[in-house]
């Protein structure tokens, strides 16, 4: 049952007398509306600036991830060279020879034309068919081609 929408415990009714009072309330309401709109504009600018900062931050994170990968790779290369120098002059141990044989076997299996490369190539072709934009196809092909032709095993000449 709705008696009245006003909350009499918090609000005090004030009577309006004449057009001057109506005009004053209209001006006050317009001022409040302008203040609210100004605040909304400030908040909107803050949001757009935060979105721009987020984009910049995401780009920096991606850049730092690439730098971390590069530094990790460089560290691994240094460790490999250090281990080679440390082991130089020593005979190859039996477990190292077994590991080399296993790696050579895996490399031969990966390079077999009827095995994995054909399956990977078919997967790539099927993925290209599903893509609709030509530019994305070219970029994806370049990405997969680079990954496909990478040499996954280090060959150390010593």
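Numbering (our numbering), first residue to last: 1152 to 1309.
By construction, the Cβ of each residue, glycine as well, lies at the ideal position given by its N, Cα and C atoms.
Your pair residue 1176 and residue 1167 checks out as a contact, with CB atoms roughly 7 Å apart and the cut at 8 Å. Here residue 1167 carries a coil assignment [DSSP, helix/strand/coil]. Put simply, the backbone Cα of residue 1172 is about 10 Å away from that of residue 1178. Distance between residue 1213 and residue 1163, taken at the CA atoms: about 59 Å.
If you look at residue 1245, you'll find it in the alpha helix (DSSP H) that goes 1245-1262. Straight-line spacing of the CA atoms in residue 1229 and residue 1222 works out to 10 Å.
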